[in-house]
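Colleague: Position 37 (the sequence shown) corresponds to 202 in my numbering; numbering is contiguous. Ideal Cβ placement from N, Cα and C applies to all residues, glycine included. These figures come from a predicted structure and were not determined experimentally.
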Amino acid sequence: MKALRDAYVLSLEKALDTTIAGETGEERFAKTLDFIFSGKKVYLKSYEVVSFDFSPQRYSVSTKAEVQKGDISDDLQGLKIVTDLVGNPKVLVIIDEANLGKHVLRSVAESQISRELSLLGYNVIDHPVDVLDKLMERKKQLEDKKLVERRERTFSPQGVERTTTEAISYTVDYYGLVIGYGNEKIAYDYAKEKGAEILILGGVYTEEVDVASVLPSATKSNFRSVRAYSTIRAAVLESGSIVTSDALEVTKMDLSPTTAGNEAIKDLAERIVMDFIANIPLKLQL
Numbered sequence: 166m167k168a169l170r171d172a173y174v175l176s177l178e179k180a181l182d183t184t185i186a187g188e189t190g191e192e193r194f195a196k197t198l199d200f201i202f203s204g205k206k207v208y209l210k211s212y213e214v215v216s217f218d219f220s221p222q223r224y225s226v227s228t229k230a231e232v233q234k235g236d237i238s239d240d241l242q243g244l245k246i247v248t249d250l251v252g253n254p255k256v257l258v259i260i261d262e263a264n265l266g267k268h269v270l271r272s273v274a275e276s277q278i279s280r281e282l283s284l285l286g287y288n289v290i291d292h293p294v295d296v297l298d299k300l301m302e303r304k305k306q307l308e309d310k311k312l313v314e315r316r317e318r319t320f321s322p323q324g325v326e327r328t329t330t331e332a333i334s335y336t337v338d339y340y341g342l343v344i345g346y347g348n349e350k351i352a353y354d355y356a357k358e359k360g361a362e363i364l365i366l367g368g369v370y371t372e373e374v375d376v377a378s379v380l381p382s383a384t385k386s387n388f389r390s391v392r393a394y395s396t397i398r399a400a401v402l403e404s405g406s407i408v409t410s411d412a413l414e415v416t417k418m419d420l421s422p423t424t425a426g427n428e429a430i431k432d433l434a435e436r437i438v439m440d441f442i443a444n445i446p447l448k449l450q451l
């Protein structure tokens, strides 16, 4: 893999008649990724090994590459080459989703993100549709254990031994589980158990908004307008690096508010995954 990464860097250097500095091959490759994902509008569109030679002292690779001007984010083939070179990471996607207040087991956002990543060469780990229920049960078990431990603590003000109990609230709140309040560790531990290198975690919900605020000319129509919001992020488990997305909300219109909500979620998920694939490779420890 190291030889292939070196060949990728050399191909880009030769095409651009430049040198990408770095003390190690890994550093040069990391800088190359930063170069192609930072808006320089150039990348390798195609890349193939023509020949290779292996010996105990040396491993050489000859490649044939096509350099393309443009944004790599618009080229599935170019993105897949990068994914292959970073080792086709294993990724687990867990999204809590509610469309117009109704929680769903089969998340549209999760399915869309998983599909896009699979097409790019990521190894998407499957999980039960009721994974959030399972994680919530883990959370409850941990809280029950803490409650028992706290009940066992005693103190003796003025020589009188008494037992104190600290109440712990337990609410079935998927959204809280996956996006904050210190509960991410439950999902992180589960991801590590499944062998994931990357965990994509978060929540998506929708709400109906005034059609006039989206399209004034549709005020008297039967169209309904629904806006999707997200707090989805990706975590590289080995390094602890977090990748966020600037895609926070999308609005769609349809005669059916449920359909509008699903379309808004799908569109939002597509935008989120594009942010991730442009930044996750930069966070991986190669």
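Does DSSP put E275 in a helix, in a strand, or in coil?
Modeller: Here the question's residue 275 lines up with position 110 in the sequence shown. The answer is helix: DSSP assigns E275 an H, G or I state.
Colleague: Is the Cβ-Cβ distance between K210 and V232 less than 8 Å?
Modeller: Here residue 210 corresponds to residue number 45 of the sequence shown, with the count starting at 1. Here residue 232 corresponds to residue number 67 of the sequence shown, with the count starting at 1. Yes, the pair counts as a contact, with Cβ atoms nearer than the cut-off.
Colleague: Roughly how many angstroms separate the alpha carbons of V174 and V215, rounded to a whole number?
Modeller: Here residue 174 refers to the residue found at position 9 of the sequence shown. Here residue 215 refers to the residue found at position 50 of the sequence shown. Going by the C-alpha atoms only, they are around 16 Å apart.
Colleague: Would you check whether the ligand ZN has a heavy atom nearer than 7 Å to the C-beta of P446?
Modeller: Inclusion of the ligand ZN in the displayed structure is not the case, the ligand content being empty and no account of it being possible.
Colleague: Suppose you measure from the CA of H292 to the CA of S272; what does that come to, to the nearest Å?
Modeller: As a first step, residue 292 is located in the sequence shown; it is residue number 127 there, counting from the start. As a first step, residue 272 is located in the sequence shown; it is residue number 107 there, counting from the start. When rounded, the distance between both Cα atoms is 12 Å.
Colleague: For R389, I'd like the list of residues in its chain whose CB is within less than 6 Å of its CB, leaving aside the five on either flank, ordered along the chain.
Modeller: Here residue 389 refers to the residue found at position 224 when the sequence shown is read from its first residue. P422, A425, listed in sequence order.
Colleague: Go ahead and pull the three-state DSSP assignment for P322.
Modeller: Counting from 1 along the sequence shown, the entry for residue 322 is found at position 157. Here P322 scores only 48 on pLDDT, less than 50, and its place in the model is too uncertain to base an answer on.
Colleague: So who's on the other strand from Y370, going by DSSP bridges?
Modeller: Mapped onto the sequence shown, residue 370 falls at position 205. Paired residues: A263, Y394.
Colleague: Nearest CA to the CA of Y287: which residue from E188, L402, I246?
Modeller: As a first step, residue 287 is located in the sequence shown; it is residue number 122 there, counting from the start. Closest option to Y287, Cα to Cα, is I246.
Colleague: Buried or exposed: which applies to R318, given that a residue is buried once 16 or more other Cβ atoms fall within 10 Å of its Cβ?
Modeller: Sequence index remark: in the sequence shown, residue 318 carries index 153 (1-based). For R318, the pLDDT reaches just 47, beneath the cut-off of 50, and the residue's location in the model is therefore unreliable, leaving the point undetermined.
Colleague: Please confirm whether I185 and R193 have their CB atoms less than 8 Å apart.
Modeller: Here residue 185 refers to the residue found at position 20 of the sequence shown. Here residue 193 refers to the residue found at position 28 of the sequence shown. In this structure, R193 lies closer than 8 Å to I185 by Cβ.
Colleague: What are the boundary residues of the alpha helix (DSSP H) that includes Q222?
Modeller: Position 57 of the sequence shown holds residue 222. Run containing Q222: none; DSSP gives neither H nor E here.
Colleague: Compare the beta carbon distance of G243 and Y208 with 8 Å and say whether it is the shorter of the two.
Modeller: Working through the sequence shown from its first residue, we reach residue 243 at position 78. Working through the sequence shown from its first residue, we reach residue 208 at position 43. A contact, by the Cβ cut-off of 8 Å.
Colleague: Does the segment 362 to 379 come within contact of the segment 256 to 270, defined as at least 3 CB pairs closer than 8 Å?
Modeller: The segment 362 to 379, when compared against the segment 256 to 270, does touch it at the 8 Å Cβ threshold.
Colleague: Which residues in the same chain as T409 place their Cβ atom closer than 7 Å to its Cβ, once the five residues preceding and following it in sequence are excluded?
Modeller: Taking the sequence shown and counting its residues from 1, the one referred to as residue 409 is at position 244. Contacts found: R398.
Colleague: Distance, Cα to Cα, L181 vs G266?
Modeller: In the sequence shown, the residue the question calls residue 181 occupies position 16. In the sequence shown, the residue the question calls residue 266 occupies position 101. Taking the straight line from one Cα to the other gives about 52 Å.
Colleague: If we ignore side chains and look at the alpha-carbon of each, how far apart do V401 and L297 end up?
Modeller: Your numbering for residue 401 matches position 236 in the sequence shown. Your numbering for residue 297 matches position 132 in the sequence shown. Whole-angstrom Cα-Cα distance: 20 Å.
Colleague: Who are the near neighbours of D171 in its chain, counting only those whose CB is closer than 6 Å to its CB and skipping five residues on each side?
Modeller: Stepping through the sequence shown from its first residue, residue 171 is reached at position 6. Taken in chain order, the residues that qualify are G190.
Colleague: I'd like to know whether the C-beta atoms of L307 and V438 end up nearer to each other than 8 Å.
Modeller: Start at 1 with the first residue of the sequence shown, and residue 307 comes out as number 142. Start at 1 with the first residue of the sequence shown, and residue 438 comes out as number 273. Contact: no.
Colleague: Could you spell out the range, first to last residue, of the alpha helix (DSSP H) harbouring T197?
Modeller: Taking the sequence shown and counting its residues from 1, one reaches residue 197 at position 32. From DSSP, the alpha helix (DSSP H) with T197 extends over 190 to 202.
Colleague: Measuring alpha carbon to alpha carbon, tell me which residue in E213, F219, D236, A195 is nearest K205.
Modeller: Residue 205 sits at position 40 when you count from the first residue of the sequence shown. Among E213, F219, D236, A195, the Cα nearest to that of K205 belongs to D236.
Colleague: Using the three-state DSSP reduction, which class does D249 fall into: helix, strand or coil?
Modeller: Position 84 of the sequence shown, counted from the first residue, corresponds to residue 249. If DSSP states are grouped into helix, strand and coil, D249 belongs with the helices.
Colleague: Are N387 and L420 close, meaning C-beta to C-beta below 8 Å?
Modeller: The residue given as residue 387 occupies position 222 in the sequence shown. The residue given as residue 420 occupies position 255 in the sequence shown. Yes, these two residues count as a Cβ contact at 8 Å.
Colleague: How should L433 be labelled, buried or exposed, when 16 other C-beta atoms within 10 angstroms of its C-beta is the threshold for buried?
Modeller: By one-based count along the sequence shown, residue 433 stands at place 268. The residue in question, L433, is buried, as its Cβ has 16 or more Cβ neighbours within 10 Å.
Colleague: For the candidate residues L449, D411, L447, whose alpha-carbon lies nearest to that of E435?
Modeller: Translated into the one-based positions of the sequence shown, residue 435 becomes position 270. It is D411 whose Cα lies nearest to the Cα of E435.
Colleague: Does K304 pass the burial test, meaning 16 or more other C-beta atoms within 10 Å, or should it be called exposed?
Modeller: Within the sequence shown, numbered from 1, the residue matching residue 304 stands at position 139. Result: buried.
Colleague: Under DSSP, the alpha helix (DSSP H) around M439 begins and ends at which residues?
Modeller: Locating residue 439 in the sequence shown gives position 274, where the first residue counts as 1. Unbroken alpha helix (DSSP H) run through M439: 422 to 448.
Colleague: With DSSP run on the structure shown, which of helix, strand or coil describes L284?
Modeller: What you label residue 284 is simply residue 119 of the sequence shown in a count that begins at 1. Three-state result, L284: helix.
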